[in-house]
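Protein chains: 2
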Amino acid sequence: MFEFKDNIPFREKKNDILTVGELLIDMMTTEYDNNDECNTYRKLFGGSPSNIALNVKKLGVNPIIVSTVGEDGLGRFLINQLKHADIDTDHIQRADESTSMVVVTKSVSTPIPIFYRGADYQISYTPKLEDSLINSKIVHFSCWPISRVPSRYTIERVIDTARNHDVLIGFDPNYHPMIWQKGENGIEYVKSIIGKVDIVKPSEDDAERLFGKAVPERYLDNFLELGARLVILTLGKDGAIVSNGRETITFNSLATQVEDTTGAGDAFWSGFYAAIVKGYSLKHALSLGFAVSAYKLKYTGAIVNLPNLEDIKEKYGL
Amino acid sequence: MFEFKDNIPFREKKNDILTVGELLIDMMTTEYDNNDECNTYRKLFGGSPSNIALNVKKLGVNPIIVSTVGEDGLGRFLINQLKHADIDTDHIQRADESTSMVVVTKSVSTPIPIFYRGADYQISYTPKLEDSLINSKIVHFSCWPISRVPSRYTIERVIDTARNHDVLIGFDPNYHPMIWQKGENGIEYVKSIIGKVDIVKPSEDDAERLFGKAVPERYLDNFLELGARLVILTLGKDGAIVSNGRETITFNSLATQVEDTTGAGDAFWSGFYAAIVKGYSLKHALSLGFAVSAYKLKYTGAIVNLPNLEDIKEKYGL
Numbered sequence: 099m100f101e102f103k104d105n106i107p108f109r110e111k112k113n114d115i116l117t118v119g120e121l122l123i124d125m126m127t128t129e130y131d132n133n134d135e136c137n138t139y140r141k142l143f144g145g146s147p148s149n150i151a152l153n154v155k156k157l158g159v160n161p162i163i164v165s166t167v168g169e170d171g172l173g174r175f176l177i178n179q180l181k182h183a184d185i186d187t188d189h190i191q192r193a194d195e196s197t198s199m200v201v202v203t204k205s206v207s208t209p210i211p212i213f214y215r216g217a218d219y220q221i222s223y224t225p226k227l228e229d230s231l232i233n234s235k236i237v238h239f240s241c242w243p244i245s246r247v248p249s250r251y252t253i254e255r256v257i258d259t260a261r262n263h264d265v266l267i268g269f270d271p272n273y274h275p276m277i278w279q280k281g282e283n284g285i286e287y288v289k290s291i292i293g294k295v296d297i298v299k300p301s302e303d304d305a306e307r308l309f310g311k312a313v314p315e316r317y318l319d320n321f322l323e324l325g326a327r328l329v330i331l332t333l334g335k336d337g338a339i340v341s342n343g344r345e346t347i348t349f350n351s352l353a354t355q356v357e358d359t360t361g362a363g364d365a366f367w368s369g370f371y372a373a374i375v376k377g378y379s380l381k382h383a384l385s386l387g388f389a390v391s392a393y394k395l396k397y398t399g400a401i402v403n404l405p406n407l408e409d410i411k412e413k414y415g416l
Numbered sequence: 099m100f101e102f103k104d105n106i107p108f109r110e111k112k113n114d115i116l117t118v119g120e121l122l123i124d125m126m127t128t129e130y131d132n133n134d135e136c137n138t139y140r141k142l143f144g145g146s147p148s149n150i151a152l153n154v155k156k157l158g159v160n161p162i163i164v165s166t167v168g169e170d171g172l173g174r175f176l177i178n179q180l181k182h183a184d185i186d187t188d189h190i191q192r193a194d195e196s197t198s199m200v201v202v203t204k205s206v207s208t209p210i211p212i213f214y215r216g217a218d219y220q221i222s223y224t225p226k227l228e229d230s231l232i233n234s235k236i237v238h239f240s241c242w243p244i245s246r247v248p249s250r251y252t253i254e255r256v257i258d259t260a261r262n263h264d265v266l267i268g269f270d271p272n273y274h275p276m277i278w279q280k281g282e283n284g285i286e287y288v289k290s291i292i293g294k295v296d297i298v299k300p301s302e303d304d305a306e307r308l309f310g311k312a313v314p315e316r317y318l319d320n321f322l323e324l325g326a327r328l329v330i331l332t333l334g335k336d337g338a339i340v341s342n343g344r345e346t347i348t349f350n351s352l353a354t355q356v357e358d359t360t361g362a363g364d365a366f367w368s369g370f371y372a373a374i375v376k377g378y379s380l381k382h383a384l385s386l387g388f389a390v391s392a393y394k395l396k397y398t399g400a401i402v403n404l405p406n407l408e409d410i411k412e413k414y415g416l
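Residue numbers (our numbering), protein chains in the order written: chain F, 99 to 416; chain A, 99 to 416.
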């Protein structure tokens, strides 16, 4: 049971956070566009676990990122971006598939991404991955690597190893049918994973895709009933509600200015993970997560120039 | 037997040329780039059969294009481009896969494209396709649709129908291992197709990929031995050699200025097809094909503003 007033005790480990999953290109239109008429695009570093790794590094804790890219120019670009951010690229695997890409149109209505999946789900479970995982405090992944084989098998082994070696498991249940293999019931599989992890952070949209339309409190129960130990349900501008199964607490959004919502969820994860690693109480860490998210919202892009966690703490009076 | 001095007799048909195959996005860097550092791209209409359809329309004959795009913004863009070019989009099928894309880096060395195949190989053989095929003089396709299932099956049926209804078959043997399903011997399959078509136009690179390193004359024999009836082997700036199995003739390049080689092969096909439809002798039609190619080489991009065939004929004194 996670108690809000307590910190999360971690065994002494060499690494803080290991993220496993999608490292990919976001190919984004340079202009807002509602009629498929914008012809120019900018290639950006993308993929939620990769964003989290970059963020936590800036906040002051150590990430390891395990991903697969293609043997192509886009893969080299992503690896170079990690190197520029001073992040170790030893765990980046290369596959004989094109580097995965998402084409995104900036839009004032809801943009519909177009997915091109190649290398991202070719992640292998290697002795090197296992060794780094055992020596990490936290492991994080999203629905991307579990949506396809062989990376699904890798995540299943990651979960087993993490549970056997006191590694906290955070899972982003960002289920979306468009990333799933056609004809497979992704929802049931995602639900089966929720019971095997410690912390989930669904958005209301994620929850609706998994459980149908309901009130937020019902969603908390849905996740808890499946076995999650801590459920952080984000409600956009209405903040978040969080339950440990016994107690539910509410957080107001700390955002004062919203320039771009891209990567706000990853910013939360990053602040929250950095804070629990640094020994803040669970409740304080949640607040710090929302503060990092609020800070990110003031700027455009998934990756912004975050200060370290203590500066954010001070800035938001936490 | 094709005689160089004769025209190719066609039965009276409603349509001139039907192309079946890839309609896709070329996502091209806006700058030359040898170090994966150019981050801006422009989306362009692409796919060889689609380029040919657009070209022949400008040259003055009627195309039908049979392709599949995704139910997404990139698919809508491609369909709109066809509409702007006043080309019928009735034969464009939609699939539940992302619109195919090739990421291309402009480079002073040989650029290495990155392939993202989705909707393009989902082409179905429909009664509508069959009806239009039977009522066409020429059908054209490249290695793309035969490289994957189900479009491979569609092409196999297209070949059968074309042979049963006096439709001339042109095939671009642009074999490349990167578009082929991994683990499958694409070379043997391409060779099996060559025996079932009338006209092939390999480049020297295409021929080398299929038959290994050899002299051009040997390549002509390779294709003829497999059953092609007319082999047009292009040699870049050195022109081309063409054989009907009995006689081999040489063409010098008509290019006076080379701005960009993209789409030069498609421009040849376009001029050649337009000319044989218009009743020029085979030899004259080959010259006109090389003239259209030379005209295209003066401009950047796969699709340039071609005049009609008679203007090209006059311009090049043919």
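Just so it is clear, CB atoms sit at the ideal spot from N, CA and C, and this is done for glycine as well.
Selected residue, minimal CA-CA separation from residue i, among the options
i, options, result
"phenylalanine 366/F", "Pro147/F, Val201/F, Gly377/F", "Pro147/F"
"leucine 152/A", "Glu135/A, Thr127/A, Gly171/A, Thr187/A", "Thr187/A"
"aspartate 409/A", "Glu129/A, Lys335/A, Asp131/A, Ala372/A", "Ala372/A"
"proline 107/A", "Ala193/A, Ile236/A, Pro271/A, Tyr214/A", "Ile236/A"
"threonine 332/F", "Gly363/F, Glu323/F, Lys141/F", "Gly363/F"
"tyrosine 287/F", "Trp242/F, Val390/F, Asn262/F, Asp303/F", "Trp242/F"
"arginine 255/A", "Ser230/A, Pro275/A, Tyr223/A", "Tyr223/A"
"histidine 274/F", "Arg246/F, Lys111/F, Asn149/F", "Arg246/F"
"methionine 125/F", "Asn113/F, Ile115/F, Thr138/F", "Thr138/F"
"arginine 327/F", "Val295/F, Asp303/F, Pro211/F, Arg261/F", "Val295/F"
"serine 341/F", "Pro300/F, Tyr414/F, Leu352/F", "Pro300/F"
"glutamate 135/A", "Phe143/F, Lys289/F, Ile115/F, Asp319/F", "Phe143/F"
"glycine 209/F", "Ile244/A, Ser230/A, Gly171/A", "For clarity, residue 209/F is proline in the given sequence; the question names glycine instead. If we check each option's Cα against that of proline 209/F, Gly171/A comes out closest."
"aspartate 303/F", "Lys280/F, Gly334/F, Ala383/F, Ser290/F", "Gly334/F"
"lysine 381/F", "Val265/F, Gly281/F, Phe370/F", "Phe370/F"
"glycine 268/F", "Gln279/F, Gly293/F, Trp278/F, Met276/F", "Gly293/F"
"alanine 338/F", "Leu384/F, Asp319/F, Lys311/F", "Leu384/F"
"glutamate 120/F", "Glu306/F, Pro248/F, Tyr219/F, Val298/F", "Tyr219/F"
"phenylalanine 213/F", "Arg316/A, Gly377/A, Thr197/A", "Thr197/A"
"phenylalanine 309/A", "Glu345/A, Asn272/A, Pro211/A", "Asn272/A"
Check whether residue i and residue j have beta carbons under 7 angstroms apart
i, j, result
"phenylalanine 417/A", "isoleucine 221/A", "Residue 417/A lies beyond the stretch modelled for chain A, which goes from 99 to 416, so this question has no answer here."
"phenylalanine 349/F", "phenylalanine 321/F", "no"
"isoleucine 162/A", "histidine 189/A", "yes"
"serine 368/A", "valine 118/A", "no"
"asparagine 403/A", "glycine 158/A", "no"
"valine 164/F", "alanine 217/F", "no"
"tyrosine 130/A", "lysine 204/A", "yes"
"leucine 352/A", "alanine 400/A", "no"
"glutamine 355/A", "lysine 413/A", "no"
"valine 265/A", "serine 234/A", "yes"
"aspartate 114/A", "asparagine 160/A", "yes"
As assigned by DSSP and simplified to three states, the class of residue i
i, result
"asparagine 113/F", "strand"
"isoleucine 185/F", "coil"
"proline 225/F", "helix"
"serine 146/A", "helix"
"serine 245/A", "coil"
"isoleucine 253/A", "helix"
"valine 402/F", "coil"
"aspartate 131/F", "coil"
"glycine 387/A", "helix"
"glutamine 179/F", "helix"
"leucine 416/F", "coil"
Beta-ladder partner(s) of residue i, from DSSP
i, result
"lysine 141/A", "Met125/A"
"methionine 199/A", "Ile123/A, Tyr214/A"
"glycine 171/A", "None, per the DSSP bridge assignment."
"valine 237/F", "Leu116/F, Ile267/F"
"arginine 192/F", "Val167/F"
"asparagine 105/F", "Ser379/F"
"valine 298/A", "Phe269/A, Val329/A"
"proline 161/F", "Ile115/F"
Neighbour list for residue i in chain B, Cβ cutoff strictly below 9 angstroms
i, result
"tyrosine 397/F", "Considering every chain present, this structure includes no chain B. Its protein chains are F and A."
(request) Could you name each continuous beta strand (DSSP E) segment of 3 residues or more that falls completely within the segment 259-286 of chain A, going from the start of the chain to the end? (result) 266-270
(request) Write down every uninterrupted run of the beta strand (DSSP E) in the segment 304-366 of chain A whose length is 3 residues or greater and which is fully enclosed by it, in chain order. (result) 328-332, 338-341, 346-349
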